[in-house]
Structure formats: structure tokens, C-alpha cells
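One structure is given here, and the rest of the page talks about it.
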Amino acid sequence: MTPRAGFRQVYAYEWIKFFSVRSLLWTTVATGVVPVLGAVFVAATGSLQPDDTVIGGSLTLSVVAQMLAAVVGALAVCGEYSSGTMRTTLAACPRRGTVLAAKGALVAAVLYVLALASCSTAYVLGDALLPASHPQGEPLPALFGVAASFSVAGLLGLAVGTLVRHSAGSVTAVLGLLMLPSMFGPLLGGAERWVAGISPTAALEKLTQTSDATAEAVGSLGGWPSLLLVTGYTAALLLAAATALRTRDV
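If you use our numbering, the sequence shown corresponds to residues 191 to 440, in order.
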């Protein structure tokens, strides 16, 4: 009798699949490149706002990169549904919760390491290229929180992808979750600061200490409490995704 694949075997299998899918690989690369290009662009154009910090200006395009991280999470599971390899995966490991846990661990780890390296590089470049007259801000421990927000966005995309199972629909849904709170917040009057603050992008903007991260624009919570809130509802969504994966056909 062939033993069932455990978490380590499934994780290794997921690692191979992750770096074998061209669209997923290039989206991951773009996630790491965009913050660095943003720092160079801000320095080259002199577009740093007078009241902005060096870390805020250096990570100007980190919000775009975070959206790409969410797309990475969605594609990590939707690509298998579109290609039909999900059936093979679940045949090799019938414990569906283990499959989702392995995917989540891989997505979170890859995005954390990538974002920490990319955003740290962007900050170092910004510190070297931007005018010294601007305040530095507090890069530590903020950069660790920024990297964590990328992982959370990727896990959010993974949860949505598991529930929706279609690439286009999942990408649209997860980008909506990131963007709609800040877009519709102004329509809700006094509730704007609370509604706008529930998006992963709000946590990211608070952590990057950009001058645009006012209470009215991205909520009144600080960067770390906002990240904790986003992590909490992402975990709840992952639990719902795990339940759906266990109870339905492939």
C-alpha cells in the first residue's frame, strides 16, 4: 500500500508547480521589481511630496506590487483548476486541508522573502537618490510589516481563488477587495475612516508612512493594528476556503 503524501511531500510538490507555471512566475517577478522601479522613478522625476518621508517616497509603488502579490495567490490555485492538475494533486494527497495549507505556506513564504528584499532595496535606493532634506521615517520594523502585508495579500488571493476557482473571476474579486474600500469609503460619510481601513492596502500605506495615509483616507487604525485586522479576516476567509474545498467536488 502506497503511503499518503504528508505536508512535506505536498509542499515540495507545490514548490515545483509554483516555479513551473510561466504566468505565475512572471507575476511573482513583477511583484519584486515594481517597488524598486518606483523608487528610481520618484528619484528621477523629483516627485517626492514635501511632507513625505524617504521610506514613503521609496515605496510609492508598493501598493501596486501588493496587488500583484494578491494576484499571485489567486493564480497559485486557479491555474490548477484551469489546467486540470488539481485532480492529480488531490489524488496524490486526498487530505485537501493539507494541500491548501501547503499552498498557503509556500505563497506566504515566497512573497514575504521577495517583498522584504525588494522593499528594502527600494528604500536603500531611495535613501541614496532622494534629497537629504526629507525625513527618513522609521524603516524598522516597518519593512517587516510591509513584507508581511504582501504575504497576507497573497493568502487573501489564495482564499478567493479557492472559492471562485476561475482565474479571471478570482483576480477581479481580489482586486476589488483591495480597492473598493477606499473607493466607496467617501460615499459613507463618517464611516469612511473605518471602511477604508479594512483593506490590505490601507495597512500597507500606514506602514510605509506615506503622507497620503490620513485617517480620512485609509482609516484611523495604526499600521500594525490594521495589519492585524486584515490578517484576521484573511484567516477567516481561508477557513471558509478550506471548508469549501473539503465539501465540494474538484
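Just so it is clear, CB atoms sit at the ideal spot from N, CA and C, and this is done for glycine as well.
In chain order, which alpha helix (DSSP H) runs of at least 4 residues are fully inside the region 213–258?
244–248
Helix, strand or coil for residue 320, going by three-state DSSP, please let me know.
coil
Between 288, 366, 261, 232, which lies nearest to residue 247 when the distance is taken from Cα to Cα?
232
Just to check my reading of the structure: residue 265 and residue 357 have Cβ atoms closer than 8 Å, yes? What is that Cβ distance to the nearest angstrom?
About 6 Å; that satisfies the 8 Å criterion.
I'd like the list of long-range same chain contacts for residue 306, defined as Cβ closer than 6 Å, with 5 residues on each side in sequence excluded.
337
Roughly how many angstroms separate the alpha carbons of residue 243 and residue 399, rounded to a whole number?
7 Å
If distances are taken between C-alpha atoms only, which option among 309, 289, 199 comes closest to residue 220?
309
Using the C-alpha atoms, what's the distance from residue 303 back to residue 255?
Answer to the nearest angstrom: the Cα atoms are 14 Å apart.
Would you check if the region 275–283 and the region 198–208 touch, i.e. whether three or more CB-CB distances between them fall below 8 Å?
yes
Over what stretch of residues does the alpha helix (DSSP H) that includes residue 341 continue unbroken?
329–354
Three or more C-beta pairs below 8 Å linking the region 347–361 and the region 259–275
Flag = yes, the region 347–361 and the region 259–275 touch.
Contact set for residue 272: own chain, Cβ-Cβ below 8 Å, skip 5 residues either direction:
356, 357
Spatial neighbours of residue 191 in its chain, beta-carbon cut-off 7 Å, leaving aside the 5 residues before and after
Annotation note: pLDDT 40 at residue 191 (below 50); position unreliable, coordinate value reported separately. Closer than 7 Å at Cβ, skipping near neighbours: no residue.
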